[in-house]
Ligand code: AMP
Ligand code: MG
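Residue numbers (this note's numbering): 7 to 406.
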């Protein structure tokens, strides 16, 4: 039985990064760059003022209290029509280009303003409050890198470079199928041992949150015919996710189908808790993760294996959940036969991070995922964890 790391390595060896596509700037949010971005220009494009104030020559203001004639007023968006002469100041607004001859900008707060003159109360340093051409971005430099996630700041940088079109990796189409005779869709009222499919909705949401495009195939009954029929709609998918049908039960057909002619079962079971019965293989040429049916196991196996696969397809360079080290707020015991992904609540208290378990940890207790924000990683081989001890956490939701 492979470890989590080994299983992920095997899965990722079957996953290819998707080709690139060009999207408009506004559509690039949440995507991953397919190329390095090199700046075609300097930003800022001119030396300009960082403050509202007065542009001055240094020799005119070598001691506090110098009074200068206000030669003109320069708003942002305009260039001066004359150079700064001896004994003059130009009233300048933030962002306006520095007039020829000016060596510093004295902010308004450090002056006493008259109608036609201004008194400079503080001696400025050379270049004080001047932002230089190319200070932020130099022409020809690589500003953003292939594999970078495009967030609002990256969008802003691209906009300032006037990139209307951005090369990003395609988003994978991820087919999602729930299985089970007992599973009903949300519009049916369950009775007599039937249950509502939460996994359909968690899987669709997990795919979206990771940046993939979900293709919902519905719920397959536990018959080979229905499973085959539903799976046939996955034809165009880059990845297929199923839930249920991978345990030891008589009707667990997903892994059986993977093991059939034309498909392949690469491995079944991973050394982890929850999520052990994960099956990975190829169905009709599509990499398929047979996620376990228990809702917490479904999500946990998704985070460990499906999310990295989706992110790899999208060209991301960082594909694992973010980690944090936190102190345990309570002592914990753990059956050390396999690594456990205990659901925890991570909080900041002063300068420290603390984490404690959410409560009942059964693999069917989906509220443990909802009330938690992270996994507490309890490694194999260690049974007792004391209060205050540092543990590794993997974050899957916001914390404060
Ligand atoms: P299975 O692996 O098919 O035996 O499923 C394991 C457990 O997960 C059973 O208790 C199922 O009822 C439950 N389960 C399977 N699929 C879903 C689903 N789509 N939504 C909620 N629970 C499910
Ligand atoms: Mg089942």
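For glycine and all other residues, C-beta sits at the position ideal for the given N, C-alpha and C.
(Q) Taking only three categories from DSSP, how would you classify residue 310? (A) Translated into the one-based positions of the chain shown, residue 310 becomes position 304. Looking at residue 310 - three-state DSSP - the assignment turns out to be helix.
Discussion item. When you measure from the CB of residue 193 to every non-hydrogen atom of ligand 2, does any distance come out below 7 Å?
Written reply: The count along the chain shown starts at 1 and reaches residue 193 at position 187. For residue 193, the distance from the CB to the nearest heavy atom of ligand 2 is not below 7 Å.
Q) Using CA coordinates, which residue listed in 347, 356 and 357 is at the minimum distance from residue 364? A) In the chain shown, counting from the first residue as 1, residue 364 sits at position 358. Taking only the C-alpha atoms, the option nearest residue 364 is 347.
TODO: Note the first and the last residue of the continuous alpha helix (DSSP H) segment covering residue 232.
DONE: Locating residue 232 in the chain shown gives position 226, counting from the first residue. Here the alpha helix (DSSP H) through residue 232 covers 230–238.
Checklist entry - Quick one: does the C-beta of residue 186 sit closer than 7 Å to a heavy atom of ligand 2? => result The residue labelled residue 186 in the question sits at position 180 within the chain shown. Answer for residue 186: yes, Cβ within range of ligand 2.
### Message
Between residue 105 and ligand 3, is there a pair consisting of the residue's CB and a ligand heavy atom that are separated by less than 7 Å?
### Response
Judged by which ligands are present, ligand 3 is missing from the structure shown, whose ligands are ligand 1 and ligand 2.
The beta strand (DSSP E) enclosing residue 2, as first and last residue numbers: This structure does not reach residue 2, given that the chain is present from 7 up to 406, and the question cannot be answered.
Assigned secondary structure, residue 363 (DSSP; H/G/I helix, E/B strand, else coil): For the purposes of this step, residue 363 is taken as the residue at position 357 of the chain shown. Three-state result, residue 363: strand.
Can you tell me whether DSSP reads residue 381 as helix, strand or coil? Counted from its first residue, the chain shown places residue 381 at position 375. The DSSP-derived three-state label of residue 381 is strand.
Exercise for review: Identify which residue in 103, 60, 134 and 156 has its Cα closest to the Cα of residue 118.
Suggested key: Start at 1 with the first residue of the chain shown, and residue 118 comes out as number 112. Comparing Cα-Cα distances from residue 118 to each of 103, 60, 134 and 156, the minimum goes to 60.
Could you give the C-beta distance for residue 38 and residue 174, rounded to a whole number, given that I count them as a contact under 8 Å? For the purposes of this step, residue 38 is taken as the residue at position 32 of the chain shown. For the purposes of this step, residue 174 is taken as the residue at position 168 of the chain shown. So it is a contact: roughly 6 Å between Cβ atoms.
Practice task
Take residue 67 as the anchor and find which of 93, 154, 50 and 78 has the nearest alpha-carbon.
Solution key: Position 61 of the chain shown, counted from the first residue, corresponds to residue 67. The shortest C-alpha separation from residue 67 is found at 93.
Pairwise C-alpha distance: residue 131 and residue 332
Counted from its first residue, the chain shown places residue 332 at position 326. Counted from its first residue, the chain shown places residue 131 at position 125. Rounded to whole angstroms, residue 332 to residue 131 spans 46 Å at the Cα level.
task: Could you tell me which uninterrupted beta strand (DSSP E) segments, each at least 3 residues in length, are contained entirely in the segment 170–243, listed from first to last along the chain?
output: The DSSP assignment places complete beta strand (DSSP E) segments of no fewer than 3 residues inside the segment 170–243 at 171–175, 179–185 and 219–226, in order along the chain.
Query raised in the report: Going by the C-beta, is residue 20 closer than 7 Å to any heavy atom of ligand 2?
Result: Position 14 of the chain shown holds residue 20. No, the Cβ of residue 20 stays beyond 7 Å of every heavy atom of ligand 2.
| Anyone know if the C-beta pair for residue 161 and residue 43 falls short of 8 Å? | Start at 1 with the first residue of the chain shown, and residue 161 comes out as number 155. Start at 1 with the first residue of the chain shown, and residue 43 comes out as number 37. No.
Residues that residue 288 bridges to, as DSSP identifies them
Start at 1 with the first residue of the chain shown, and residue 288 comes out as number 282. Bridge partners of residue 288: 270 and 293.
If contact is defined by three or more beta carbon pairs under 8 Å, each pair taking one atom from either stretch, is the segment 85–104 in contact with the segment 45–61?
Contact holds: three or more Cβ-Cβ distances are below 8 Å.
| said: Here's the rule: buried if 16 or more other CB atoms are within 10 angstroms of the residue's CB, otherwise exposed. What is residue 109? | reply: For the purposes of this step, residue 109 is taken as the residue at position 103 of the chain shown. Flag for residue 109 reads buried.
Q.
Taking the straight line between their C-alpha atoms, what separation do you get for residue 146 and residue 139?
A. The residue labelled residue 146 in the question sits at position 140 within the chain shown. The residue labelled residue 139 in the question sits at position 133 within the chain shown. Looking at the backbone, the Cα of residue 146 and that of residue 139 are separated by about 14 Å.
Exercise for review: Look at residue 204 and residue 301 and say whether their C-beta atoms are less than 8 Å apart.
Suggested key: As a position in the chain shown, residue 204 is number 198, starting the count at 1. As a position in the chain shown, residue 301 is number 295, starting the count at 1. Between residue 204 and residue 301, the gap from beta carbon to beta carbon is short of 8 Å.
- [ ] Along the alpha helix (DSSP H) that carries residue 16, what are the first and last residues, could you check?
- [x] Residue numbering aside, residue 16 sits at position 10 when the chain shown is read from its first letter. First-last of the alpha helix (DSSP H) with residue 16: 10–19.
- request: Compute the Euclidean distance between the alpha carbons of residue 127 and residue 45, then round it to the nearest angstrom.
  value: Numbered from its first residue, the chain shown carries residue 127 at position 121. Numbered from its first residue, the chain shown carries residue 45 at position 39. Approximately 40 Å between the Cα atoms of the pair.
- Cβ-heavy atom distance, residue 201 to ligand 1, below 7 Å: As a working mapping, residue 201 is identified with position 195 in the chain shown. Flag set: Cβ of residue 201 near ligand 1.
Since residue 190 contacts residue 200 with CB under 8 Å, what's their CB separation in whole angstroms?
By 1-based counting over the chain shown, the position of residue 190 is 184. By 1-based counting over the chain shown, the position of residue 200 is 194. 5 Å between Cβ atoms; contact.
- Message: Quick check: is any heavy atom of ligand 2 less than 7 Å from the C-beta of residue 257?
- Response: The residue you call residue 257 lines up with position 251 of the chain shown. Yes, Cβ of residue 257 sits closer than 7 Å to a heavy atom of ligand 2.
Short check: CB of residue 178 to CB of residue 316, under 8 Å? The residue you call residue 178 lines up with position 172 of the chain shown. The residue you call residue 316 lines up with position 310 of the chain shown. Going by C-beta atoms, residue 178 is nearer than 8 Å to residue 316.
- From this set, 291, 164 and 206, which residue's C-alpha is nearest residue 268's C-alpha? Locating residue 268 in the chain shown gives position 262, where the first residue counts as 1. Relative to the Cα of residue 268, the nearest Cα in the group 291, 164 and 206 belongs to 291.
Practice problem: Following the continuous alpha helix (DSSP H) through residue 165, name the residue where it begins and the one where it ends. | Solution: The sequence position of residue 165 within the chain shown is 159, counting from 1. Taken as a continuous stretch (DSSP letters only), the alpha helix (DSSP H) holding residue 165 covers 158–166.
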